[in-house]
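Undergrad:
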Amino acid sequence: MRYWSSTSAAFLDADRPLGPLAETPSPFYKAAANTMRMLQREAPDCDVDEVPPALIAEEVARHQISDEERQMSRKWKKKASKDGRGTPRLAQDFAWRKNWGVLPTRQRLHKFGIVPSPRCPNCRADETLAHALMECPAAKPVWRLVARDFKIHPPPALNRNKGAFAKLVVMCTWFSIWKRRCLAEARRKPTRAAYPTLSRVREMIWRHLSEQLESSGEEKFLRRWHTWFFLMRQGKLQIPILTHPLLLPPQVRRVGAPEA
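Numbering follows numbering that gives the first Met the number 0, with no gaps: position 2 of the sequence shown is 1.
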């Protein structure tokens with residue numbers, strides 16, 4: 000190795016050997032010497048023989064980002080932690096993949112040569128992430144039903160859904176639409192039924208709210224989930240989720256309103 004590193008051997012902390020050196024160092028050993036020089040500059044406290052490569056890479060990345068990028072990273076982690084509290088556990092991995100744009104859509108898989116065609120399994124258009132979750136003919140009816148039942152803003156006005164309950168509905172809808180899309184891909188035929196997807200959205204919302212009520216207690220739950228679209232009776236959520244005031248049963252209070 001010292002022979003092929005030639006004059007670059009000094010960067011490997013190697014003493015100059017008494018024997019001959021190569022006239023021209025090979026590209027591999029030259030790159031190894033340059034990497035060692037970079038590590039001595041960016042991660043001087045890391046011993047390459049003892050520290051795992053993943054930790055070395057983390058240390059190098061920490062030294063290479065600016066103060067502004069470091070501040071943005073802290074804000075992103077804080078926001079992700081806050082949003083994670085309102086996301087069902089079943090959909091958290093999906094939410095992470097969606098936010099990073101790495102969901103395995105047909106267009107993405109086709110780009111890497113994994114599938115022969117970028118066509119959507121439901122409509123045969125090119126399947127981008129936006130198409131799969133919002134623009135596909137299989138997704139649009141779901142959004143219309145969800146917007147009607149839960150009074151949220153459907154695409155393209157999704158960014159106007161600022162409340163915790165509206166964000167929960169949107170995430171559950173995205174997740175349910177994606178699962179139906181995956182079902183169509185597995186069956187190799189279109190799956191466009193909207194009402195089964197709406198039922199899944201309702202089920203996810205109900206399960207998540209029940210878990211939140213059990214873990215946080217009624218008072219904290221009511222402060223966070225102030226909405227007119229579900230009810231509480233004797234400290235428990237009312238089944239089903241009712242969406243019209245005329246359907247309210249007697250002696251039941253709405254979440255966020257005082258008891259009669």
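Glycine is no exception: its CB is placed at the ideal position from the N, C-alpha and C atoms. Nothing here was measured: the structure is a model prediction, and the numbers come from that model.
By the three-class DSSP mapping on this structure, what secondary structure does Lys97 have?
TA: Here residue 97 refers to the residue found at position 98 when the sequence shown is read from its first residue. Residue state, collapsed to three classes: helix.
Undergrad: What residues in its chain sit with their C-beta under 8 Å from that of Met203, if we drop five residues either side in the sequence?
TA: Sequence index remark: in the sequence shown, residue 203 carries index 204 (1-based). Here the set comprises Pro87, Leu89, Ala90, Cys171, Phe174, Ser175.
Undergrad: For Tyr194, is the classification buried or exposed, using 16 other Cβ atoms within 10 angstroms of its Cβ as the cut-off for buried?
TA: Counting from 1 along the sequence shown, the entry for residue 194 is found at position 195. Exposed, since its Cβ has fewer than 16 Cβ neighbours within 10 Å.
Undergrad: Using 10 angstroms around the beta-carbon of Val169, count the other beta-carbons present and answer buried if the total reaches 16, otherwise exposed.
TA: By 1-based counting over the sequence shown, the position of residue 169 is 170. Classification for Val169: buried.
Undergrad: Grouping DSSP H, G and I as helix and E and B as strand, with all else coil, what is Leu54?
TA: As a position in the sequence shown, residue 54 is number 55, starting the count at 1. Helix at Leu54.
Undergrad: Under 6 Å Cβ to Cβ from His207, same chain only, skipping five residues before and after it: list those, please.
TA: Start at 1 with the first residue of the sequence shown, and residue 207 comes out as number 208. These residues qualify, in order along the chain: Pro87.
Undergrad: What are the partner residues of Asp44, as DSSP defines its beta bridges?
TA: Stepping through the sequence shown from its first residue, residue 44 is reached at position 45. Paired residues: none, contrary to the question.
Undergrad: Give me the DSSP bridge partner(s) of Asp125.
TA: Here residue 125 refers to the residue found at position 126 when the sequence shown is read from its first residue. Arg118.
Undergrad: Within the same chain, show all residues whose beta-carbon is closer than 8 Å to that of Gln211, passing over the 5 residues directly before and after it, in chain order.
TA: As a position in the sequence shown, residue 211 is number 212, starting the count at 1. Closer than 8 Å at the Cβ level, and outside the excluded window around Gln211, lie Phe220, Arg223, Trp224.
Undergrad: What does Lys235 pair with, by DSSP beta-bridge criteria?
TA: One-based indexing of the sequence shown puts residue 235 at position 236. Partner(s): Arg232.
Undergrad: Could you tell me the alpha carbon to alpha carbon distance between Gly216 and Ser209, rounded to whole angstroms?
TA: On the sequence shown, position 217 is the one that residue 216 refers to. On the sequence shown, position 210 is the one that residue 209 refers to. Using only the alpha carbons, I get a separation of about 10 Å.
Undergrad: Helix, strand or coil for Ala138, going by three-state DSSP, please let me know.
TA: Here residue 138 corresponds to residue number 139 of the sequence shown, with the count starting at 1. Coil at Ala138, not helix or strand.
Undergrad: For Leu102 versus Leu128, is the C-beta spacing smaller than 8 Å?
TA: To locate residue 102, count along the sequence shown from 1; it is residue 103. To locate residue 128, count along the sequence shown from 1; it is residue 129. The answer is yes: Cβ separation under 8 Å.
Undergrad: If you measure between the beta carbons of Arg180 and Pro120, is that distance less than 8 Å?
TA: For the purposes of this step, residue 180 is taken as residue 181 along the sequence shown, with counting starting at 1. For the purposes of this step, residue 120 is taken as residue 121 along the sequence shown, with counting starting at 1. In this structure, Pro120 lies closer than 8 Å to Arg180 by Cβ.
Undergrad: Under 6 Å Cβ to Cβ from His62, same chain only, skipping five residues before and after it: list those, please.
TA: Here residue 62 is taken as the residue at index 63 of the sequence shown, counted from 1. Cβ neighbours of His62 beyond the five flanking positions: Glu41.
Undergrad: Using a Cβ-Cβ cutoff of less than 7 Å, which residues in the same chain neighbour Leu246 once the five nearest sequence positions on both sides are dropped?
TA: Within the sequence shown, residue 246 is the residue found at index 247, counting from 1. At Leu246, the pLDDT of 42 sits below 50, so the modelled position is not reliable; the number obtained from the coordinates is stated separately. Hits under 7 Å: none found.
Undergrad: With DSSP run on the structure shown, which of helix, strand or coil describes Ser65?
TA: Here residue 65 refers to the residue found at position 66 of the sequence shown. Ser65 falls in the coil class under three-state DSSP.
Undergrad: With 16 other CB atoms within 10 Å as the buried threshold, where does Phe27 fall?
TA: The residue you call residue 27 lines up with position 28 of the sequence shown. It is exposed - the Cβ of Phe27 has fewer than 16 other Cβ atoms within 10 Å.
Undergrad: Under a three-way DSSP split, which group does Lys219 fall into?
TA: Along the sequence shown, read from residue 1 onward, the residue named residue 219 stands at position 220. The answer is helix: DSSP assigns Lys219 an H, G or I state.
Undergrad: Go ahead and pull the three-state DSSP assignment for Trp224.
TA: Translated into positions along the sequence shown, residue 224 becomes position 225. It is coil, neither helix nor strand.
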